[in-house]
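Per the numbering used here, the sequence shown starts with residue -14, numbered consecutively. Glycine residues also receive a C-beta, built at the ideal position from the N, C-alpha and C atoms.
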Amino acid sequence: MGHLEEIIIRCITSLREKQRSSRKLLRTEKFENEVIGAAGSPRKYNELGGYKEFHKVITRLKKDAILQDVTNPGFNGKRPRLNDTYWITPKYVENTWNKADIARVMNYIDLGFYLRQKKYQTEDEWKLILTLYEFVKNKDTHIKITREERSLMLFKYEQLPDDIEAEKYLASSHGTSLMNRLQLTPEDLLYKVVHEPFQYWKNEAVPENYLHEVLVVEGLSTYQTLKEVLIRQLPWNFGPIPHYLVWGEGYRICSTLGYLKDITDDPTQLTIRYSGDIDYEGFNIYFDAKNKHRDFNISLAHHFYSFLISFSNEVATSVLKKQKVIEKNLYLLQEEFKDYKETFEVIKTLWNQRKRIAQECINFETLRNKGGFQ
């Protein structure tokens, strides 16, 4: 097969992969231009055989029934001529799986997606579906266990994509996609999702009027430093003393906040303050958590940000790692810092200069040297 023929076949295959079970119209001139683009240039196209080769391949595709004539076609005005349009025959028309097997499985599992999208009817997919079918059919003999436990029980003998370990399959993107295609829920497979326990510390020495205070710290090092400050009952100059100190774990803060219900009867009555890096990602994490937990009272721990910007000239560095910049957040920050205008102005300057201050600048040395204990 010549190189131009490979390009044409690849382009046709791409079109057939995208179409469903109905015929699709191929406009010859437009398709030839796409092939020229895929070849790199008109000159390269001609070097590879040009229109003569294009005509030969289109003629063969007709012979192979991949392309079909339309009724009363026009012509493309070239020699040797081709029709100006053809029908592309759908690649996935017939069910690959046995109809009797499909009917049997559909008594318990919805295969509607696979009947509409026949290209997903692969042998590997069918093996996984049969595994789930056997479980759902005998569901009453099982009890609820964790997702990882169920995944291992179901798939321990299966060859899984990307060599995923059996216990991790249901939690993977592959497992999630399979569940969605089959419209299965955790309840259908009798499993529960158990998240890693979140890390927090309860300050038993907190004054009674601060029992509702929660401080969420994005980074682990800063969390440990502030925990030690509180344990040693050193001077605290960062706003209300927290009853609970929580490690947010970056973007995992959204799931972390959900665990507050495990340590208090009504987390909506808590005052939750957040402290993280002064950079785009740090504020993205904060606003993401705030948007996903609108019933919680979440705000920034302003005193920490004011402390960090007080020596920003010494510790601010350039944003080197690619970070997502959401310009709207800068306007939201202005509202968040409306009572701390000087702090906001420095943050705005850092934002515009693509600079950041890492939260790890809050440590025992800076607390001692920059007045954090005064």
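For residue i and residue j, what's the separation of their Cα atoms in angstroms?
| i | j | result |
| --- | --- | --- |
| Tyr176 | Ile248 | 24 Å |
| Leu293 | Arg(-5) | 57 Å |
| His287 | Lys340 | 19 Å |
| Ile(-3) | Val55 | 17 Å |
| Thr328 | Cys239 | 26 Å |
| Pro252 | Lys333 | 32 Å |
| Leu315 | Trp232 | 25 Å |
At which residues does the beta strand (DSSP E) containing residue i begin and terminate?
| i | result |
| --- | --- |
| Arg258 | Thr256 to Ser260 |
| Asn282 | Asn282 to Leu285 |
| Gln53 | Leu52 to Asp54 |
| Lys9 | Lys9 to Arg12 |
| Tyr185 | Tyr185 to Lys187 |
| Tyr71 | Thr70 to Ile73 |
Looking only at C-alpha atoms, which of the options sits nearest to residue i?
| i | options | result |
| --- | --- | --- |
| Thr44 | Leu67, Lys187, Asp148 and Asp280 | Leu67 |
| Phe296 | Ser158, Lys37, Gly243 and Cys346 | Cys346 |
| Glu203 | Asp148, Val191, Asp262 and Thr170 | Asp262 |
| Leu167 | Arg217, Val214 and Thr116 | Thr116 |
| Arg64 | Val55, Glu19, Ala274 and Glu38 | Glu38 |
| Lys187 | Leu174, Asn222 and Pro227 | Pro227 |
| Ile216 | Leu205, Ala190 and Val201 | Ala190 |
| His(-12) | Lys9, Lys47 and Ala23 | Ala23 |
| Lys212 | Phe349, Lys306, Val331 and Ile21 | Phe349 |
| Glu193 | Tyr229, Phe223, Pro220 and Ser206 | Tyr229 |
| Glu133 | Leu145, Lys122, His127 and Ala151 | Ala151 |
| Gly59 | Leu52, Tyr71 and Ile51 | Tyr71 |
Using 8 Å for Cβ pairs, my map puts residue i next to residue j. What's the rounded Cβ distance?
| i | j | result |
| --- | --- | --- |
| Tyr185 | Pro225 | Not a contact, Cβ separation roughly 17 Å. |
| His197 | Leu242 | The pair is not a contact, with the Cβ atoms about 15 Å apart (cut-off 8 Å). |
| Tyr265 | Gln218 | Actually they are not in contact, since the Cβ atoms of Tyr265 and Gln218 sit about 36 Å apart, beyond 8 Å. |
| Glu360 | Asp69 | The structure shown does not extend to residue 360, since the chain is modelled only from -14 through 359, so no value can be given for it. |
| Tyr236 | Asp280 | Going by Cβ atoms, the distance from Tyr236 to Asp280 rounds to 20 Å, so no, they are not a contact pair. |
| Thr131 | Val90 | At roughly 26 Å, the Cβ-Cβ gap does not stay under 8 Å, so Thr131 and Val90 are not in contact. |
| Phe358 | Pro220 | 5 Å |
Looking at the secondary structure, which residues open and close the alpha helix (DSSP H) in which residue i lies?
| i | result |
| --- | --- |
| Trp221 | Where Trp221 is concerned, there is no enclosing alpha helix (DSSP H), given that its DSSP letter is neither H nor E. |
| Trp82 | Unbroken run through Trp82: none, as it is neither H nor E. |
| Thr334 | Lys326 to Asn337 |
| Ile248 | Where Ile248 is concerned, there is no enclosing alpha helix (DSSP H), given that its DSSP letter is neither H nor E. |
| Val42 | Gly35 to Lys48 |
| Ile238 | Ile238 to Gly243 |
| Leu317 | Glu312 to Glu321 |
What are the partner residues of residue i, as DSSP defines its beta bridges?
| i | result |
| --- | --- |
| Val199 | Tyr229 and Ile257 |
| Ser162 | According to DSSP, which records beta bridges pairwise, Ser162 is partnered with nothing at all. |
Taking only beta-carbon positions, decide if residue i is within less than 7 Å of chain B.
| i | result |
| --- | --- |
| Lys340 | No chain B appears in this structure, which consists of one protein chain only. |
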